[in-house]
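Accompanying notes for the structure given below.
Written out as structure tokens, the structure is:
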């Protein structure tokens, strides 16, 4: 009986590590997929009812004029937009920080930052940094994005509030 309990505990720990690794891969891969125009990855990353909430405070329309919260069809329009395509042709990087991840069954929340870097002339510049909260769900095909919320780190309360809420949801225990 004790050996079965140990095996069960070990299996649970391995599954938790695999889940966390898959979530890391999803978030890290998403930025690279957007930057390389790997639209299949971008589309598969989102749940069918997934939503991207980018708020309305971002003055940098680097990917078109996409504001507020919108669903998967509009997300795919954004990642394939002429504005984002032009930046890809010059050089762009959506740098995702290592997320803090909490998993509860088939749901997870990840909190991180995204730094948007673009190439201009012969140098690179950071165009913006955002706070990110990813609400994720495990489905038949693995982990997908149910909702991604970003807020520009511009000193306003909006980004601090987003991060505060996420961290409070992520308190261990």
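In our numbering, the protein residues as written are -3 to 169. Note that beta-carbon positions come from the ideal geometry of N, C-alpha and C, so glycine has one too. Here the structure is a predicted model, which is why all the values come from computation and not from measurement.
Which listed residue (the options) has its alpha carbon closest to that of residue i
{"i": "residue 97", "options": "122, 115, 106 and 36", "result": "106"}
{"i": "residue 15", "options": "101, 159, 92 and 163", "result": "101"}
{"i": "residue 104", "options": "44, 79, 157 and 139", "result": "139"}
{"i": "residue 128", "options": "163, 134 and 67", "result": "163"}
{"i": "residue 156", "options": "36, 27, 126 and 44", "result": "126"}
{"i": "residue 88", "options": "67, 122, 38 and 137", "result": "122"}
{"i": "residue 92", "options": "13, 10, 7 and 20", "result": "20"}
{"i": "residue 143", "options": "90, 12, 149 and 23", "result": "23"}
{"i": "residue 12", "options": "165, 147 and 99", "result": "99"}
Per-residue DSSP class, three states only, for residue i
{"i": "residue 94", "result": "coil"}
{"i": "residue 165", "result": "helix"}
{"i": "residue 40", "result": "helix"}
{"i": "residue 100", "result": "strand"}
{"i": "residue 52", "result": "coil"}
{"i": "residue 77", "result": "coil"}
{"i": "residue 33", "result": "coil"}
{"i": "residue 4", "result": "helix"}
{"i": "residue 27", "result": "helix"}
DSSP bridge partner residues for residue i (one or two, in chain order)
{"i": "residue 129", "result": "107 and 145"}
{"i": "residue 47", "result": "67 and 143"}
{"i": "residue 119", "result": "116"}
{"i": "residue 11", "result": "Beta-bridge pairing links residue 11 to no other residue."}
{"i": "residue 135", "result": "138"}
{"i": "residue 88", "result": "114"}
{"i": "residue 124", "result": "112"}
Classification of residue i by the beta-carbon crowding that lies within 10 angstroms, buried from 16 upward
{"i": "residue 5", "result": "exposed"}
{"i": "residue 120", "result": "exposed"}
{"i": "residue 86", "result": "exposed"}
{"i": "residue 46", "result": "buried"}
{"i": "residue 41", "result": "buried"}
{"i": "residue 17", "result": "exposed"}
{"i": "residue 9", "result": "exposed"}
{"i": "residue 150", "result": "exposed"}
Proximity test, Cβ basis, 9 Å: residue i and chain B
{"i": "residue 155", "result": "Among the chains of the structure shown, chain B does not appear; only one protein chain is present."}
**Report entry** the stretch 62 to 80 contacting the stretch 109 to 121, beta-carbon criterion three pairs below 8 Å
**Finding:** In short, these stretches do not touch, since the Cβ pair count stays below three.
Query raised in the report: Is the stretch 112 to 123 touching the stretch 29 to 41, taking contact as three or more C-beta pairs under 8 Å?
Result: The stretch 112 to 123 is not in contact with the stretch 29 to 41.
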